[in-house]
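Below you'll find the structure, written out as C-alpha coordinates, and then a few comments.
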(Lines of atoms letter the chains of each structure in order from A and count residues from 1; the text may use other names and numbers.)
(Lines give C-alpha, C1' and ligand atoms only; values in the text may rest on other atoms or scores of the structure.)
Protein backbone atom coordinates (compact mmCIF):
# COMPACT_ATOMS: atom_id res chain seq x y z
CA UNK A 1 0.00 0.00 0.00
CA UNK A 2 1.52 3.33 -1.09
CA UNK A 3 1.36 6.64 0.77
CA UNK A 4 -1.73 7.97 -1.08
CA UNK A 5 -3.62 4.71 -0.46
CA UNK A 6 -2.85 5.01 3.26
CA UNK A 7 -4.07 8.62 3.34
CA UNK A 8 -7.24 7.64 1.50
CA UNK A 9 -7.89 4.75 3.90
CA UNK A 10 -7.66 7.01 6.95
CA UNK A 11 -9.79 9.73 5.36
CA UNK A 12 -12.45 7.16 4.47
CA UNK A 13 -12.47 5.55 7.93
CA UNK A 14 -12.66 8.85 9.81
CA UNK A 15 -15.33 10.13 7.42
CA UNK A 16 -17.54 7.06 7.87
CA UNK A 17 -17.31 7.30 11.67
CA UNK A 18 -18.15 11.01 11.63
CA UNK A 19 -21.13 10.61 9.31
CA UNK A 20 -22.52 7.63 11.24
CA UNK A 21 -22.32 9.02 14.76
CA UNK A 22 -22.52 12.80 14.23
CA UNK A 23 -24.05 13.87 10.93
CA UNK A 24 -26.81 11.29 10.53
CA UNK A 25 -28.49 12.17 13.84
CA UNK A 26 -28.04 15.93 13.39
CA UNK A 27 -29.36 16.02 9.79
CA UNK A 28 -32.39 13.90 10.69
CA UNK A 29 -33.27 15.67 13.95
CA UNK A 30 -32.95 19.21 12.55
CA UNK A 31 -35.02 18.32 9.47
CA UNK A 32 -37.74 16.65 11.53
CA UNK A 33 -37.95 19.51 14.04
CA UNK A 34 -38.23 22.06 11.22
CA UNK A 35 -40.91 19.93 9.57
CA UNK A 36 -42.97 20.01 12.78
CA UNK A 37 -42.41 23.75 13.41
CA UNK A 38 -43.38 24.61 9.83
CA UNK A 39 -46.31 22.17 9.80
CA UNK A 40 -44.83 20.49 6.75
CA UNK A 41 -44.39 23.79 4.89
CA UNK A 42 -41.87 22.18 2.52
CA UNK A 43 -44.76 20.07 1.18
CA UNK A 44 -47.82 22.24 1.93
CA UNK A 45 -46.51 25.20 -0.05
CA UNK A 46 -45.50 23.29 -3.17
CA UNK A 47 -47.92 25.27 -5.44
CA UNK A 48 -46.44 28.55 -4.16
CA UNK A 49 -42.96 27.30 -5.07
CA UNK A 50 -43.88 27.00 -8.75
CA UNK A 51 -45.65 30.38 -8.78
CA UNK A 52 -42.72 32.19 -7.15
CA UNK A 53 -40.22 30.58 -9.51
CA UNK A 54 -41.62 32.65 -12.39
CA UNK A 55 -41.94 35.96 -10.51
CA UNK A 56 -40.20 38.81 -12.39
CA UNK A 57 -37.49 40.61 -10.38
CA UNK A 58 -38.25 44.10 -9.01
CA UNK A 59 -36.92 46.99 -11.11
CA UNK A 60 -35.42 50.33 -10.15
CA UNK A 61 -36.82 53.71 -11.19
CA UNK A 62 -34.89 53.64 -14.49
CA UNK A 63 -36.34 50.22 -15.40
CA UNK A 64 -33.24 48.16 -14.70
CA UNK A 65 -33.45 44.94 -12.71
CA UNK A 66 -32.20 45.31 -9.14
CA UNK A 67 -30.47 41.92 -9.20
CA UNK A 68 -30.82 38.51 -10.81
CA UNK A 69 -34.29 36.96 -10.88
CA UNK A 70 -35.67 34.24 -8.64
CA UNK A 71 -35.41 31.80 -11.56
CA UNK A 72 -31.80 32.75 -12.27
CA UNK A 73 -30.92 32.23 -8.60
CA UNK A 74 -32.67 28.85 -8.84
CA UNK A 75 -30.56 27.87 -11.86
CA UNK A 76 -27.42 29.18 -10.17
CA UNK A 77 -28.04 26.80 -7.27
CA UNK A 78 -29.16 24.05 -9.66
CA UNK A 79 -25.85 24.51 -11.47
CA UNK A 80 -24.11 23.31 -8.34
CA UNK A 81 -26.75 20.70 -7.46
CA UNK A 82 -27.41 19.05 -10.82
CA UNK A 83 -24.22 17.39 -11.92
CA UNK A 84 -21.89 14.70 -10.67
CA UNK A 85 -23.97 14.06 -7.55
CA UNK A 86 -27.02 13.11 -9.61
CA UNK A 87 -25.23 10.76 -11.99
CA UNK A 88 -21.94 9.57 -10.50
CA UNK A 89 -23.10 10.08 -6.91
CA UNK A 90 -26.14 7.86 -7.30
CA UNK A 91 -23.94 5.21 -8.91
CA UNK A 92 -21.59 5.41 -5.95
CA UNK A 93 -24.46 5.07 -3.46
CA UNK A 94 -25.80 1.97 -5.24
CA UNK A 95 -22.33 0.44 -5.66
CA UNK A 96 -21.61 0.76 -1.92
CA UNK A 97 -25.04 0.56 -0.29
CA UNK A 98 -27.19 -1.19 -2.88
CA UNK A 99 -30.65 -0.23 -4.11
CA UNK A 100 -31.87 0.57 -0.58
CA UNK A 101 -29.69 3.67 -0.41
CA UNK A 102 -32.01 5.32 -2.97
CA UNK A 103 -34.92 5.12 -0.50
CA UNK A 104 -32.92 7.07 2.08
CA UNK A 105 -32.01 9.66 -0.56
CA UNK A 106 -35.74 10.16 -1.21
CA UNK A 107 -36.65 10.34 2.45
CA UNK A 108 -33.89 12.81 3.31
CA UNK A 109 -34.94 15.04 0.40
CA UNK A 110 -38.44 15.33 1.85
CA UNK A 111 -37.14 15.97 5.37
CA UNK A 112 -34.22 18.11 4.19
CA UNK A 113 -36.61 20.35 2.27
CA UNK A 114 -37.51 21.93 5.61
CA UNK A 115 -33.85 22.75 6.31
CA UNK A 116 -33.47 24.18 2.81
CA UNK A 117 -36.50 26.43 3.34
CA UNK A 118 -35.07 27.81 6.59
CA UNK A 119 -31.49 28.37 5.40
CA UNK A 120 -32.43 30.18 2.18
CA UNK A 121 -35.06 32.29 3.95
CA UNK A 122 -32.41 33.40 6.46
CA UNK A 123 -29.95 34.10 3.64
CA UNK A 124 -32.47 36.42 2.00
CA UNK A 125 -33.33 38.17 5.26
CA UNK A 126 -29.67 38.92 6.05
CA UNK A 127 -28.34 39.49 2.52
CA UNK A 128 -26.18 42.54 1.79
CA UNK A 129 -25.75 44.74 -1.27
CA UNK A 130 -22.80 44.39 -3.64
CA UNK A 131 -21.76 45.50 -7.12
CA UNK A 132 -23.89 42.82 -8.84
CA UNK A 133 -26.97 43.24 -6.66
CA UNK A 134 -26.94 41.13 -3.49
CA UNK A 135 -24.89 38.45 -1.80
CA UNK A 136 -25.35 36.44 1.37
CA UNK A 137 -25.38 32.99 2.92
CA UNK A 138 -24.55 31.27 6.21
CA UNK A 139 -21.43 33.35 6.87
CA UNK A 140 -23.57 36.47 6.67
CA UNK A 141 -26.43 35.29 8.89
CA UNK A 142 -23.98 33.81 11.40
CA UNK A 143 -22.33 37.22 11.68
CA UNK A 144 -25.34 39.54 11.34
CA UNK A 145 -28.01 37.50 13.14
CA UNK A 146 -25.96 35.59 15.71
CA UNK A 147 -23.40 38.38 16.16
CA UNK A 148 -20.48 36.01 15.62
CA UNK A 149 -17.87 37.33 13.18
CA UNK A 150 -15.51 34.46 13.98
CA UNK A 151 -18.26 31.91 13.35
CA UNK A 152 -18.93 33.45 9.94
CA UNK A 153 -15.21 33.39 9.16
CA UNK A 154 -14.98 29.69 10.08
CA UNK A 155 -17.90 28.83 7.82
CA UNK A 156 -16.58 30.94 4.93
CA UNK A 157 -13.15 29.29 5.07
CA UNK A 158 -14.65 25.79 5.18
CA UNK A 159 -16.95 26.55 2.23
CA UNK A 160 -14.08 27.87 0.14
CA UNK A 161 -12.15 24.64 0.66
CA UNK A 162 -15.30 22.54 0.12
CA UNK A 163 -16.92 23.96 -3.00
CA UNK A 164 -14.56 25.77 -5.38
CA UNK A 165 -11.70 23.43 -4.41
CA UNK A 166 -12.88 19.94 -3.30
CA UNK A 167 -16.25 19.73 -5.07
CA UNK A 168 -15.04 21.38 -8.28
CA UNK A 169 -12.09 18.97 -8.29
CA UNK A 170 -14.59 16.15 -8.11
CA UNK A 171 -16.64 17.57 -10.98
CA UNK A 172 -13.51 17.91 -13.12
CA UNK A 173 -12.44 14.38 -12.16
CA UNK A 174 -15.77 13.00 -13.39
CA UNK A 175 -15.61 14.99 -16.62
CA UNK A 176 -12.12 13.62 -17.32
CA UNK A 177 -13.12 10.04 -16.44
CA UNK A 178 -16.25 10.18 -18.60
CA UNK A 179 -14.53 11.58 -21.68
CA UNK A 180 -11.53 9.25 -21.27
CA UNK A 181 -13.86 6.26 -21.09
CA UNK A 182 -15.92 7.41 -24.08
CA UNK A 183 -12.77 7.84 -26.20
CA UNK A 184 -11.33 4.53 -25.02
CA UNK A 185 -8.18 6.31 -23.84
CA UNK A 186 -8.14 6.43 -20.02
CA UNK A 187 -4.58 7.72 -19.83
CA UNK A 188 -2.98 10.48 -17.80
CA UNK A 189 -2.29 12.55 -20.91
CA UNK A 190 -5.96 12.38 -21.94
CA UNK A 191 -7.27 13.39 -18.52
CA UNK A 192 -4.69 16.18 -18.33
CA UNK A 193 -5.79 17.56 -21.70
CA UNK A 194 -9.42 17.46 -20.57
CA UNK A 195 -8.47 19.20 -17.32
CA UNK A 196 -6.65 21.97 -19.18
CA UNK A 197 -9.64 22.54 -21.47
CA UNK A 198 -12.16 22.66 -18.61
CA UNK A 199 -9.94 24.94 -16.53
CA UNK A 200 -9.52 27.30 -19.50
CA UNK A 201 -13.26 27.52 -20.11
CA UNK A 202 -13.87 28.12 -16.42
CA UNK A 203 -11.40 31.02 -16.40
CA UNK A 204 -13.21 32.68 -19.33
CA UNK A 205 -16.51 32.70 -17.42
CA UNK A 206 -15.57 33.35 -13.78
CA UNK A 207 -13.66 36.53 -14.50
CA UNK A 208 -16.99 38.02 -15.62
CA UNK A 209 -18.80 37.96 -12.25
CA UNK A 210 -22.08 36.50 -11.01
CA UNK A 211 -24.25 37.92 -13.80
CA UNK A 212 -22.14 36.16 -16.46
CA UNK A 213 -22.23 32.95 -14.43
CA UNK A 214 -26.02 33.21 -14.08
CA UNK A 215 -26.41 33.95 -17.80
CA UNK A 216 -24.58 30.70 -18.58
CA UNK A 217 -26.27 28.49 -16.00
CA UNK A 218 -29.85 29.60 -16.74
CA UNK A 219 -29.36 28.27 -20.30
CA UNK A 220 -27.14 25.23 -19.81
CA UNK A 221 -28.78 23.64 -16.76
CA UNK A 222 -32.40 23.38 -18.02
CA UNK A 223 -31.36 22.12 -21.48
CA UNK A 224 -28.91 19.48 -20.25
CA UNK A 225 -31.10 18.35 -17.36
CA UNK A 226 -34.02 17.96 -19.78
CA UNK A 227 -31.86 16.02 -22.25
CA UNK A 228 -30.72 13.65 -19.51
CA UNK A 229 -34.27 13.19 -18.23
CA UNK A 230 -35.56 12.39 -21.75
CA UNK A 231 -32.86 9.77 -22.28
CA UNK A 232 -33.52 8.32 -18.85
CA UNK A 233 -37.27 8.14 -19.46
CA UNK A 234 -36.66 6.34 -22.78
CA UNK A 235 -34.49 3.75 -21.03
CA UNK A 236 -36.94 3.30 -18.16
CA UNK A 237 -39.87 3.08 -20.59
CA UNK A 238 -38.08 0.27 -22.39
CA UNK A 239 -37.94 -1.61 -19.08
CA UNK A 240 -41.29 -0.43 -17.74
CA UNK A 241 -42.27 -3.90 -16.67
CA UNK A 242 -39.35 -3.97 -14.24
CA UNK A 243 -40.19 -0.65 -12.54
CA UNK A 244 -42.56 -2.06 -9.87
CA UNK A 245 -39.92 -4.66 -8.97
CA UNK A 246 -37.23 -1.94 -8.83
CA UNK A 247 -39.30 0.19 -6.46
CA UNK A 248 -39.98 -2.86 -4.31
CA UNK A 249 -36.24 -3.61 -4.12
CA UNK A 250 -35.45 0.01 -3.24
CA UNK A 251 -37.92 -0.06 -0.34
CA UNK A 252 -37.17 -3.53 1.03
CA UNK A 253 -33.39 -3.21 0.67
CA UNK A 254 -33.50 0.03 2.66
CA UNK A 255 -34.13 -1.97 5.83
CA UNK A 256 -31.99 -5.05 5.23
CA UNK A 257 -28.24 -5.69 4.89
CA UNK A 258 -27.18 -5.79 1.24
CA UNK A 259 -25.84 -9.21 0.31
CA UNK A 260 -24.20 -8.12 -2.95
CA UNK A 261 -22.25 -5.16 -1.57
CA UNK A 262 -21.81 -6.53 1.95
CA UNK A 263 -23.28 -3.32 3.34
CA UNK A 264 -24.96 -3.35 6.75
CA UNK A 265 -28.21 -1.40 7.20
CA UNK A 266 -26.27 1.48 8.76
CA UNK A 267 -24.05 1.71 5.68
CA UNK A 268 -27.09 1.68 3.39
CA UNK A 269 -28.62 4.58 5.33
CA UNK A 270 -25.34 6.49 5.51
CA UNK A 271 -24.79 6.20 1.75
CA UNK A 272 -28.29 7.47 1.05
CA UNK A 273 -27.92 10.44 3.37
CA UNK A 274 -24.38 11.33 2.25
CA UNK A 275 -25.06 11.05 -1.46
CA UNK A 276 -28.42 12.78 -1.02
CA UNK A 277 -26.84 15.75 0.75
CA UNK A 278 -24.03 15.92 -1.80
CA UNK A 279 -26.62 15.98 -4.58
CA UNK A 280 -29.40 18.25 -3.29
CA UNK A 281 -27.32 20.18 -0.69
CA UNK A 282 -30.30 20.61 1.67
CA UNK A 283 -28.99 21.97 4.98
CA UNK A 284 -25.42 21.96 3.72
CA UNK A 285 -25.17 25.76 3.67
CA UNK A 286 -24.23 26.14 0.01
CA UNK A 287 -27.55 26.92 -1.69
CA UNK A 288 -28.28 29.97 0.54
CA UNK A 289 -25.32 31.67 -1.15
CA UNK A 290 -27.23 31.48 -4.44
CA UNK A 291 -30.62 32.14 -2.85
CA UNK A 292 -29.41 35.42 -1.37
CA UNK A 293 -28.56 36.84 -4.80
CA UNK A 294 -32.18 37.06 -5.99
CA UNK A 295 -34.34 40.17 -5.88
CA UNK A 296 -37.64 39.05 -4.34
CA UNK A 297 -40.32 40.83 -2.29
CA UNK A 298 -40.21 38.46 0.70
CA UNK A 299 -37.36 36.29 2.12
CA UNK A 300 -39.59 33.20 2.27
CA UNK A 301 -40.21 33.34 -1.48
CA UNK A 302 -36.64 32.36 -2.31
CA UNK A 303 -36.67 29.84 0.52
CA UNK A 304 -39.57 28.14 -1.25
CA UNK A 305 -37.87 28.28 -4.65
CA UNK A 306 -34.68 26.70 -3.32
CA UNK A 307 -36.72 23.99 -1.61
CA UNK A 308 -38.24 23.16 -4.99
CA UNK A 309 -34.67 22.67 -6.18
CA UNK A 310 -34.20 19.89 -3.61
CA UNK A 311 -37.13 17.95 -5.08
CA UNK A 312 -36.11 18.59 -8.68
CA UNK A 313 -32.63 17.35 -7.92
CA UNK A 314 -33.35 14.23 -5.88
CA UNK A 315 -36.89 13.06 -6.60
CA UNK A 316 -36.56 13.63 -10.34
CA UNK A 317 -32.97 13.63 -11.62
CA UNK A 318 -31.47 11.23 -9.06
CA UNK A 319 -34.45 8.88 -9.40
CA UNK A 320 -33.97 8.69 -13.16
CA UNK A 321 -30.31 7.75 -12.64
CA UNK A 322 -31.25 5.08 -10.11
CA UNK A 323 -33.82 3.56 -12.47
CA UNK A 324 -31.34 3.64 -15.39
CA UNK A 325 -28.78 1.71 -13.32
CA UNK A 326 -31.12 -0.72 -11.57
CA UNK A 327 -33.14 -1.55 -14.70
CA UNK A 328 -29.97 -3.07 -16.17
CA UNK A 329 -29.76 -5.56 -13.26
CA UNK A 330 -26.15 -4.62 -12.49
CA UNK A 331 -23.73 -6.90 -10.67
CA UNK A 332 -23.10 -5.00 -7.44
CA UNK A 333 -20.39 -7.27 -6.03
CA UNK A 334 -17.14 -5.27 -6.30
CA UNK A 335 -18.95 -2.64 -8.38
CA UNK A 336 -16.83 0.42 -9.11
CA UNK A 337 -18.12 3.67 -7.51
CA UNK A 338 -18.61 6.72 -9.68
CA UNK A 339 -19.81 7.26 -13.22
CA UNK A 340 -19.01 3.76 -14.54
CA UNK A 341 -22.31 2.12 -13.53
CA UNK A 342 -24.40 4.80 -15.24
CA UNK A 343 -22.27 4.66 -18.39
CA UNK A 344 -22.51 0.89 -18.60
CA UNK A 345 -26.28 0.87 -18.05
CA UNK A 346 -26.88 3.51 -20.74
CA UNK A 347 -24.62 1.76 -23.25
CA UNK A 348 -26.30 -1.60 -22.62
CA UNK A 349 -29.73 -0.05 -23.13
CA UNK A 350 -29.08 2.24 -26.11
CA UNK A 351 -25.77 1.21 -27.63
CA UNK A 352 -22.23 2.55 -27.50
CA UNK A 353 -23.29 5.98 -28.82
CA UNK A 354 -25.01 6.60 -25.47
CA UNK A 355 -21.60 6.82 -23.78
CA UNK A 356 -20.83 9.85 -25.94
CA UNK A 357 -24.18 11.46 -25.23
CA UNK A 358 -23.62 10.97 -21.50
CA UNK A 359 -20.12 12.41 -21.87
CA UNK A 360 -21.54 15.62 -23.36
CA UNK A 361 -24.27 15.86 -20.71
CA UNK A 362 -21.77 15.25 -17.91
CA UNK A 363 -19.38 17.80 -19.41
CA UNK A 364 -21.99 20.57 -19.46
CA UNK A 365 -23.74 19.73 -16.18
CA UNK A 366 -20.47 19.27 -14.32
CA UNK A 367 -19.08 22.45 -15.87
CA UNK A 368 -22.15 24.39 -14.73
CA UNK A 369 -21.60 22.87 -11.27
CA UNK A 370 -18.03 24.14 -11.31
CA UNK A 371 -19.35 27.65 -12.05
CA UNK A 372 -21.92 27.42 -9.25
CA UNK A 373 -19.29 26.12 -6.84
CA UNK A 374 -16.96 28.94 -7.83
CA UNK A 375 -19.61 31.58 -7.14
CA UNK A 376 -20.23 30.19 -3.65
CA UNK A 377 -16.53 30.56 -2.97
CA UNK A 378 -16.39 34.11 -4.34
CA UNK A 379 -19.33 35.21 -2.21
CA UNK A 380 -17.61 33.91 0.91
CA UNK A 381 -14.24 35.34 -0.03
CA UNK A 382 -15.90 38.77 -0.22
CA UNK A 383 -17.18 38.14 3.29
CA UNK A 384 -13.57 37.67 4.41
CA UNK A 385 -11.91 40.47 2.44
CA UNK A 386 -12.68 43.09 -0.22
CA UNK A 387 -9.12 43.29 -1.58
CA UNK A 388 -9.07 42.91 -5.39
CA UNK A 389 -5.78 41.02 -5.22
CA UNK A 390 -7.37 38.35 -3.01
CA UNK A 391 -10.15 37.79 -5.54
CA UNK A 392 -7.66 37.41 -8.38
CA UNK A 393 -5.60 34.92 -6.37
CA UNK A 394 -8.74 33.00 -5.46
CA UNK A 395 -9.83 32.76 -9.08
CA UNK A 396 -6.42 31.40 -10.06
CA UNK A 397 -6.51 28.82 -7.24
CA UNK A 398 -10.04 27.74 -8.18
CA UNK A 399 -8.99 27.21 -11.80
CA UNK A 400 -5.92 25.30 -10.59
CA UNK A 401 -8.08 23.04 -8.39
CA UNK A 402 -10.12 22.05 -11.44
CA UNK A 403 -6.96 21.15 -13.34
CA UNK A 404 -5.55 19.14 -10.43
CA UNK A 405 -8.83 17.36 -9.74
CA UNK A 406 -8.99 16.00 -13.27
CA UNK A 407 -5.89 13.83 -12.74
CA UNK A 408 -6.28 12.71 -9.09
CA UNK A 409 -7.49 9.27 -7.98
CA UNK A 410 -11.31 9.27 -8.00
CA UNK A 411 -11.86 7.63 -4.60
CA UNK A 412 -9.48 10.03 -2.88
CA UNK A 413 -11.33 13.02 -4.33
CA UNK A 414 -14.74 11.61 -3.24
CA UNK A 415 -13.55 10.86 0.31
CA UNK A 416 -11.93 14.27 0.75
CA UNK A 417 -15.09 16.02 -0.53
CA UNK A 418 -17.30 13.99 1.83
CA UNK A 419 -15.15 14.87 4.84
CA UNK A 420 -15.13 18.61 4.20
CA UNK A 421 -18.87 18.57 3.35
CA UNK A 422 -19.68 16.97 6.71
CA UNK A 423 -17.86 19.65 8.68
CA UNK A 424 -19.46 22.46 6.71
CA UNK A 425 -22.95 20.99 7.10
CA UNK A 426 -22.58 20.68 10.87
CA UNK A 427 -21.64 24.36 11.26
CA UNK A 428 -24.61 25.47 9.15
CA UNK A 429 -27.13 23.15 10.81
CA UNK A 430 -26.16 24.45 14.25
CA UNK A 431 -26.56 28.04 12.99
CA UNK A 432 -29.99 27.54 11.43
CA UNK A 433 -31.17 25.60 14.50
CA UNK A 434 -30.29 28.64 16.64
CA UNK A 435 -32.05 30.95 14.17
CA UNK A 436 -35.18 28.84 13.72
CA UNK A 437 -37.48 31.22 15.70
CA UNK A 438 -36.99 34.27 13.41
CA UNK A 439 -37.12 32.05 10.32
CA UNK A 440 -40.51 30.67 11.27
CA UNK A 441 -41.76 34.14 12.21
CA UNK A 442 -40.94 35.11 8.63
CA UNK A 443 -42.79 32.04 7.37
CA UNK A 444 -45.93 32.96 9.33
CA UNK A 445 -45.69 36.57 8.04
CA UNK A 446 -45.51 35.24 4.48
CA UNK A 447 -48.46 32.87 4.93
CA UNK A 448 -50.67 35.64 6.32
CA UNK A 449 -50.20 37.60 3.09
CA UNK A 450 -50.08 34.78 0.55
CA UNK A 451 -48.01 34.45 -2.62
CA UNK A 452 -47.93 38.25 -3.22
CA UNK A 453 -46.33 38.85 0.19
CA UNK A 454 -44.07 41.85 0.75
CA UNK A 455 -41.63 42.14 3.64
CA UNK A 456 -40.19 45.40 4.98
CA UNK A 457 -37.69 45.60 7.81
CA UNK A 458 -39.58 45.96 11.08
CA UNK A 459 -42.56 43.84 10.00
CA UNK A 460 -41.04 40.86 11.82
CA UNK A 461 -38.82 40.87 14.89
CA UNK A 462 -35.44 39.76 13.56
CA UNK A 463 -32.30 39.63 15.72
CA UNK A 464 -29.08 41.38 14.79
CA UNK A 465 -28.44 43.65 11.80
CA UNK A 466 -30.66 43.58 8.70
CA UNK A 467 -29.06 45.62 5.91
CA UNK A 468 -31.68 45.40 3.14
CA UNK A 469 -35.51 45.53 3.14
CA UNK A 470 -35.51 49.18 4.35
CA UNK A 471 -38.66 50.37 2.53
CA UNK A 472 -41.45 49.12 0.30
CA UNK A 473 -40.04 51.10 -2.65
CA UNK A 474 -36.69 49.35 -2.22
CA UNK A 475 -38.33 45.90 -2.00
CA UNK A 476 -40.86 46.05 -4.84
CA UNK A 477 -39.02 48.55 -7.06
CA UNK A 478 -40.47 51.67 -8.62
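Numbering (the working numbering), first residue to last: 6 to 483. Every residue, glycine too, gets a C-beta built ideally from N, C-alpha and C.
Around the beta carbon of residue 334, a 10 Å sphere encloses fewer than 16 other beta carbons of the protein chains shown; the residue is thus reported as exposed. In the structure shown, residue 135 adopts extended strand secondary structure according to DSSP, grouped into three states.
If you draw a straight line from the Cα of residue 194 to the Cα of residue 411, it comes to about 11 Å. Here DSSP, grouped into helix, strand and coil, assigns residue 453 to helix. In the structure shown, residue 140 adopts extended strand secondary structure according to DSSP, grouped into three states. Taking the Cβ atoms as the reference, residue 477 lies roughly 20 Å from residue 297, outside the contact range of under 8 Å. The residues 104, 107 and 108, in chain order, have a CB closer than 6 Å to that of residue 255 in the same chain once the five nearest residues on each side in sequence are set aside. Rounded to the nearest whole angstrom, the C-alpha separation of residue 362 and residue 94 is 18 Å. Residue burial annotation: residue 187 is buried, with at least 16 other C-beta atoms found within 10 angstroms of its C-beta. Sequence-distant partners of residue 197 (beyond 5 residues in either direction) whose C-beta falls short of 6 Å from its own C-beta, in its chain, are 412. Taking a C-beta distance under 9 Å as the contact criterion, residue 284 and residue 258 do not qualify as a contact pair. Shown here for residue 52: not one same chain residue has a beta carbon closer than 8 Å to its own, the five before and five after excluded.
One Cα belongs to residue 450, the other to residue 444, and the distance between them is close to 10 Å. In this structure, the CA atom of residue 434 is about 17 Å from the CA atom of residue 280. Of all alpha-carbon atoms in 414, 466, 447 and 457, the one lying nearest the alpha-carbon of residue 177 is that of 414.
Excluding sequence positions up to five before and after residue 124, its CB lies within less than 6 Å of the CB of 293 and 437, all in the same chain and listed in chain order. In this structure, the CA atom of residue 407 is about 19 Å from the CA atom of residue 225.
Close CB contacts of residue 50 within its chain, under the 7 Å cut and outside five residues either way in sequence, are with 309 (chain order).
In this structure, residue 204 lies near residue 405, with their beta-carbon atoms less than 9 Å apart. Per DSSP, reduced to three states, the secondary structure at residue 299 is strand. Residue 59 and residue 454 have their alpha carbons spaced roughly 18 Å apart. In the three-state DSSP reduction, residue 73 falls in the strand class (E or B). Each residue's CA atom was taken as its position, placing residue 379 and residue 246 some 42 Å apart. Annotation for residue 98: the continuous alpha helix (DSSP H) segment containing it runs 95-102. Going by DSSP, residue 27 is part of no alpha helix (DSSP H) at all; its letter is neither H nor E. Contact annotation, residue 117 with residue 305: C-beta distance approximately 17 Å; criterion of less than 8 Å not satisfied. Positions of the alpha helix (DSSP H) runs, each at least 4 residues long and wholly inside the stretch 155-220, are given as 173-188 and 193-211 in order along the chain.
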